[in-house]
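Below: the structure, in structure tokens.
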Ligand SMILES: [Zn+2]
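In my numbering, the protein residues as written are -2 to 278.
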């Protein structure tokens, strides 16, 4: 987690706009937006010049309200959505020399399957609800080139055990599981190919508080055990506080503050962050 080490992920000037823009809003230095959209042409500027580094073994929290652009940012990083402009470099991929957003769709699939895992707020996005739980894990391993059924079964049961799904339920479909269990199967699936980076998007939102605490605790343990790097998006500063080493605060498509999580909690600088911190006390 040392600041002098090389980042594992480096994102530069990521922009995501919905709409073509107009004379009033195309020039970023002159545009007058209403929150994140242009009142003249209704173009939405969801992510505006987002730059950050994620270091090996680090948990970077991204906090903001809905509409702040944090989930759009995650979708862009995982190629669920095309960026409008920007660069993303992954050290384990071509030694960090290639902008991932310019890679072919085939290479992006490789990166999604081998180098990143994502856990979605809505389990329907991350799981096939009618497949067995172990089948969900195998699917991601097959996508990454695995063909050995016995090896996949043993890896799958190891992962389900790690996330505390009882093995006698591994052939059951996630649709039969509680919300907390579904998130744990998603986590196991995301980790199936041992990616160095996990993207977690509001993974405990909507769960009961006690279940939420269990899932967060599980993530914390896995992170420490495997020294995995995590990007963690949440609207809930309590979730960020529990897991993130550093935090970025997003508002209306922009990063308004970033720093060590402790520092941000003790001495928030931006008015929006101050409001977030005070509402948590
Ligand atoms: Zn406009």
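For each residue, glycine too, the CB sits at the ideal point set by N, CA and C.
Quick caveat, the model's predicted, so the values are computed rather than measured.
Proximity test, residue i beta-carbon vs ligand 1 heavy atom, cut-off 8 Å
{"i": "residue 200", "result": "no"}
{"i": "residue 37", "result": "yes"}
{"i": "residue 16", "result": "yes"}
{"i": "residue 26", "result": "no"}
{"i": "residue 22", "result": "yes"}
{"i": "residue 81", "result": "no"}
{"i": "residue 40", "result": "yes"}
{"i": "residue 19", "result": "yes"}
Integer Cβ distance of residue i from residue j, believed to fall under 8 Å
{"i": "residue 243", "j": "residue 256", "result": "7 Å"}
{"i": "residue 279", "j": "residue 186", "result": "This structure leaves residue 279 out entirely; the chain is present only between -2 and 278."}
{"i": "residue 71", "j": "residue 248", "result": "With 8 Å as the limit, residue 71 and residue 248 do not qualify as a contact, their Cβ atoms being about 16 Å apart."}
{"i": "residue 9", "j": "residue 44", "result": "Between residue 44 and residue 9 the Cβ distance is about 12 Å, and since that is not below 8 Å, they are no contact."}
{"i": "residue 102", "j": "residue 131", "result": "Wrong, their Cβ atoms sit about 28 Å apart, outside the cutoff."}
{"i": "residue 236", "j": "residue 206", "result": "So it is not a contact: roughly 11 Å between Cβ atoms."}
{"i": "residue 231", "j": "residue 58", "result": "7 Å"}
{"i": "residue 11", "j": "residue 64", "result": "That pair is no contact at about 17 Å."}
{"i": "residue 246", "j": "residue 269", "result": "7 Å"}
{"i": "residue 66", "j": "residue 33", "result": "7 Å"}
{"i": "residue 184", "j": "residue 6", "result": "19 Å between Cβ atoms; not a contact."}
Close Cβ partners of residue i (< 6 Å) along its chain, the five nearest in sequence each way excluded
{"i": "residue 138", "result": "149 and 189"}
{"i": "residue 265", "result": "271 and 274"}
{"i": "residue 173", "result": "none"}
{"i": "residue 278", "result": "none"}
{"i": "residue 261", "result": "244"}
{"i": "residue 93", "result": "86"}
{"i": "residue 142", "result": "none"}
{"i": "residue 105", "result": "76"}
Other residues of its chain near residue i: CB distance less than 8 Å, five sequence neighbours each side excluded
{"i": "residue 24", "result": "none"}
{"i": "residue 18", "result": "35, 38 and 40"}
{"i": "residue 90", "result": "97, 108 and 112"}
{"i": "residue 204", "result": "176, 177, 180 and 212"}
{"i": "residue 240", "result": "56, 58, 213, 216, 217, 220, 227 and 229"}
{"i": "residue 95", "result": "86"}
Residue(s) in a DSSP beta bridge with residue i
{"i": "residue 84", "result": "9"}
{"i": "residue 76", "result": "DSSP, once it has assigned bridges, lists no residue as partnering residue 76."}
{"i": "residue 31", "result": "34"}
{"i": "residue 14", "result": "42"}
{"i": "residue 2", "result": "Paired residues: none, contrary to the question."}
{"i": "residue 115", "result": "196"}
{"i": "residue 57", "result": "228 and 243"}
{"i": "residue 254", "result": "246"}
{"i": "residue 47", "result": "11"}
Contact set for residue i: own chain, Cβ-Cβ below 7 Å, skip 5 residues either direction
{"i": "residue -2", "result": "With a pLDDT of only 48 at residue -2, under 50, the local geometry of the prediction cannot be trusted, and the value read off the model is given with reservation. So the list reads 52, 54, 55 and 242, once near-sequence residues are dropped."}
{"i": "residue 3", "result": "88"}
{"i": "residue 16", "result": "38, 39, 40 and 41"}
{"i": "residue 210", "result": "none"}
{"i": "residue 80", "result": "11, 12, 13, 73 and 98"}
{"i": "residue 47", "result": "8, 11, 70 and 252"}
{"i": "residue 200", "result": "116, 118, 180 and 212"}
{"i": "residue 31", "result": "none"}
Residue-chain proximity (residue i, chain C), Cβ-Cβ < 9 Å
{"i": "residue 240", "result": "Here chain C cannot be found, since the structure has a single protein chain."}
**Prompt:** Can at least three beta-carbon pairs, one atom from the stretch 214 to 226 and one from the stretch 49 to 67, be found at a separation below 8 Å?
**Reply:** yes
**Request:** Give a yes or no on contact between the stretch 177 to 186 and the stretch 155 to 165, applying the rule of three or more CB pairs nearer than 8 Å.
**Result:** yes
**Request:** Decide yes or no for the touch test of the stretch 62 to 77 against the stretch 101 to 114: beta carbon pairs closer than 8 Å, at least 3 of them.
**Result:** Yes: the two stretches touch, three or more of their Cβ pairs being nearer than 8 Å.
**Asked** At a cut of 8 Å, does the stretch 210 to 218 reach the stretch 117 to 124 through at least three beta carbon pairs?
**Response** Judged by Cβ distances under 8 Å, the stretch 210 to 218 makes no contact with the stretch 117 to 124, as fewer than three pairs qualify.
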